[in-house]
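Enquirer: With the first letter of the sequence shown counted as 1, position 154 gets the number 1014 in this note's numbering; the numbers rise by one all the way through.
After the structure tokens below, expect a handful of questions from me.
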Amino acid sequence: MTAGPPQQVGIGVLGYNGVARAHLLAVQRVATIFWPPAVHPLLIAVAGRSADRVEQAAQRYGAQAAYPDWQRLIDDRRVQVLINAGPNDVHAEASLAAATRGLHVLCEKPLARTSGEAAQMRDAAVAARIVHMTGYNYRFVPAVLLARRLIRDGRLGRIYHFRGRYCDDSMIDPQVLYTWRHTRARAGSGVIGDLAAHALDLARFLVGEITAVSATARIFVDRRPRREGGVGTVDVEDAIEAVLEFSSGAIGTLEASTFCPGRKNFLTFEINGADGSLVFNLERLNELDLFLREDGANGFRTVLVTEAHHPYGGTWWPPGHTLGWEHTFVHQLQRFLGAVAGQSPIAPDGATFEDGYRCAVICDALDRAAREARRVTVDGPVTPERTA
Ligand SMILES: NC(=O)c1ccc[n+]([C@@H]2O[C@H](COP(=O)([O-])OP(=O)(O)OC[C@H]3O[C@@H](n4cnc5c(N)ncnc54)[C@H](O)[C@@H]3O)[C@@H](O)[C@H]2O)c1
861 MTAGPPQQVG IGVLGYNGVA RAHLLAVQRV ATIFWPPAVH PLLIAVAGRS
911 ADRVEQAAQR YGAQAAYPDW QRLIDDRRVQ VLINAGPNDV HAEASLAAAT
961 RGLHVLCEKP LARTSGEAAQ MRDAAVAARI VHMTGYNYRF VPAVLLARRL
1011 IRDGRLGRIY HFRGRYCDDS MIDPQVLYTW RHTRARAGSG VIGDLAAHAL
1061 DLARFLVGEI TAVSATARIF VDRRPRREGG VGTVDVEDAI EAVLEFSSGA
1111 IGTLEASTFC PGRKNFLTFE INGADGSLVF NLERLNELDL FLREDGANGF
1161 RTVLVTEAHH PYGGTWWPPG HTLGWEHTFV HQLQRFLGAV AGQSPIAPDG
1211 ATFEDGYRCA VICDALDRAA REARRVTVDG PVTPERTA
């Protein structure tokens, strides 16, 4: 006697380019990798702005409907989950509308342009009793989860330092076109929300809450050509250097910049504790460099995080058969659908809207610290822990 097929959950994806592609691929893969699935995702619709292109995307990814505006996607009664992969200025509006209709929401990071907007989203999601998740997908890299396990098991001892960097060279050419990412009105911030937010979320995930920040930021190229002609004025930071203070007493640094030639997706952190250190680099995401003082004079060793006893070990392939960036979105979606099915909460492994809000508060503090050239206390993230 076999169990009946899992319950189906209708998915709507806002966006189909950029990171939306990773979500669309995750919708296709998740139920085959995590079998039997908690619920079976059914791609109902994709939404964009151009009727032709969104229709092509629907065909490409097997969606039943293509909508040239996201409101119609949310109004489609078959859609029970919104994956919001639009630009930052669409996060709050579409997610709030979805929450009002009782849709569960997985929204890309940064959760919102400001902490105020993020608080609204969190409060609406909690009031509507929906499952809510912020797309901090790097929590689902097996090597990051192994780092967390080692820290939680006390293998590093008391943590002294977190040293995070997220650097690429995507804006080094002054002819790179002006987009939504270059305007505070649409993006909220520059590299703070775009890159640093990921490192901040990992800092919170691995080391704990951040209580104060100091920072310096720069705009290196303040005018960029527009696709339609003319130039746009860049009013968000291209780079930030910051100092972080943690509630545990640890201190750290954070650097984010799109002006680092040769760096492509260089999200890296080093954590130093009383008994050891670990280093992670997203460009080599299957590896974790580990130094444990108890090992004596052996130096750092590189652990290939693909063994059966490692996080997600054996889920995909045998040991040594490595994973990539896209797999983090499959892991993330599995966690989300497990919560939709009522089997397991989003937190603590996944980021809820509460986590998205707390990260937004730190982003605001970094922005203020850089503008006012002073140390800023992180106030705000004092609400009780809310889980999905
Ligand atoms: N988690 C990650 O690793 C990761 C990586 C990249 C981007 N992001 C986040 O994802 C979001 C999107 O970034 P991106 O790089 O994919 O941007 P993008 O500009 O490449 O793509 C944005 C998508 O949204 C669509 N879109 C724009 N305005 C819309 C509207 N009003 N209605 C419907 N669709 C609309 C566009 O057609 C496009 O498909 C951002 O919030 C970004 O911070 C996260």
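Where is the CB? At the ideal position from N, CA and C, for every residue including glycine.
So if DSSP puts Phe1106 in a beta bridge, which residue, or which two residues, is it bridged to?
Expert: Ile1070
Enquirer: If you compare alpha carbons, which of Thr1093, Glu1101, Gly1136, Pro897 is closest to Ala1037?
Expert: The question names Ala, but residue 1037 in the sequence shown is Leu. Residue Thr1093 is the option with its Cα nearest to Leu1037.
Enquirer: Let's test the definition: count the other Cβ atoms within 10 Å of the Cβ of Val1242 and tell me whether it reaches 16, buried, or not, exposed.
Expert: Low confidence applies to Val1242: its pLDDT is 43, below 50, so where it sits in the model is not reliable enough to give any reading.
Enquirer: When the Cα of Ala985 is compared with those of Cys1223, Trp1185, Val1238, Asp1215, which residue comes out closest?
Expert: Closest by alpha carbon: Asp1215.
Enquirer: Are the CB atoms of Leu902 and Val869 within a distance shorter than 8 angstroms?
Expert: yes
Enquirer: Whole angstroms is fine: what's the gap from Arg1153's alpha carbon to Asp1135's?
Expert: Near 5 angstroms, if we compare the C-alpha coordinates of Asp1135 and Arg1153.
Enquirer: Less than 7 angstroms between the CB of Gly1122 and some heavy atom of ligand 1, yes or no?
Expert: no
Enquirer: Would you grab the beta carbon distance between Asp1072 and Glu1115 for me? Rounded to a whole angstrom, and I think it's under 8 angstroms.
Expert: According to the sequence displayed, residue 1072 carries Ala and not Asp. With a Cβ gap of about 17 angstroms, Ala1072 and Glu1115 do not count as contacting.
Enquirer: Out of Ala1077, His1187, His1191, Ala1168, which one is the CA nearest neighbour of Gly1180?
Expert: Selected option, being the one with the closest Cα: Ala1168.
Enquirer: So Gly1017 and Ala988 are in contact, right, with Cβ under 8 angstroms, and what is the actual spacing, rounded?
Expert: Their Cβ separation, rounded to whole angstroms, is 42 angstroms, which puts Gly1017 and Ala988 out of contact at 8 angstroms.
Enquirer: Should Arg1231 go down as buried or exposed, given a rule of 16 or more other Cβ atoms within 10 Å for buried?
Expert: exposed
Enquirer: How would you label Gln973, buried or exposed, when you count the other beta carbons within 10 angstroms and need 16 or more for buried?
Expert: Reading the sequence as shown, one finds Arg at residue 973 and not Gln. Answer is buried; the Cβ neighbour count reaches 16.
Enquirer: Quick check: the Cα distance between Arg1046 and Ala945, rounded to an integer number of angstroms?
Expert: 14 angstroms
Enquirer: Roughly how many whole angstroms lie between the Cα atoms of Leu1138 and Leu1164?
Expert: Looking at the two C-alpha atoms, the distance is approximately 13 angstroms.
Enquirer: Can you list, in chain order, the residues of its chain with a C-beta nearer than 8 angstroms to that of Ser1107? Leave out the 5 residues immediately preceding and following it.
Expert: Gly1068, Glu1069, Ile1070, Thr1071
Enquirer: Please work out which residues of its chain come closer than 8 angstroms, Cβ to Cβ, to Trp1176, disregarding the five sequence neighbours upstream and downstream, and give them in chain order.
Expert: Ile893, Leu1183, His1187
Enquirer: Spell out the partners DSSP gives Asp1149 in its beta bridges.
Expert: Val1139, Thr1162
Enquirer: Can you have a look at Gln1192 and say buried or exposed, based on whether 16 or more other CB atoms are within 10 angstroms of its CB?
Expert: Within a 10 Å sphere around the beta-carbon of Gln1192 sit 16 or more other beta-carbons, which makes this residue buried.
Enquirer: Which of helix, strand or coil does DSSP assign to Leu966?
Expert: strand
Enquirer: By the three-class DSSP mapping on this structure, what secondary structure does Asn1132 have?
Expert: Residue state, collapsed to three classes: strand.
Enquirer: With distances taken from CA atoms, which of Gly1133, Thr1162, Asp1155 is nearest Glu1147?
Expert: Thr1162
Enquirer: Let me confirm a value: Lys969 is counted as buried when at least 16 other C-beta atoms fall within 10 Å, else exposed. Which label applies?
Expert: With 16 or more other Cβ atoms inside 10 Å of its own Cβ, Lys969 counts as buried.
Enquirer: State the DSSP-derived secondary structure class of Pro1179, mapped to helix, strand or coil.
Expert: Correct three-state label for Pro1179: coil.
Enquirer: At the level of alpha carbons, what is the spacing between Ser1049 and Ala1075?
Expert: 14 angstroms
Enquirer: What does DSSP give as the partner residues of Tyr927 in its beta bridges?
Expert: Ala907
Enquirer: Under DSSP, the alpha helix (DSSP H) around Pro1002 begins and ends at which residues?
Expert: DSSP places Pro1002 inside the alpha helix (DSSP H), whose first and last residues are 1002-1012.
Enquirer: Figure out for me which residue from Phe1119, Val1081, Asp1239, Val887 has the closest Cα to the Cα of Ser1030.
Expert: Taking only the C-alpha atoms, the option nearest Ser1030 is Phe1119.
Enquirer: Alpha carbon to alpha carbon, how far is Tyr998 from Arg1025?
Expert: Their backbone Cα atoms lie some 14 angstroms apart in a straight line.
Enquirer: Assuming Val991 contacts Phe1140 (C-beta within less than 8 angstroms), just tell me the rounded distance between them.
Expert: With 8 angstroms as the limit, Val991 and Phe1140 do not qualify as a contact, their Cβ atoms being about 28 angstroms apart.
Enquirer: Any heavy atom of ligand 1 closer than 7 angstroms to the CB of Ala905?
Expert: no
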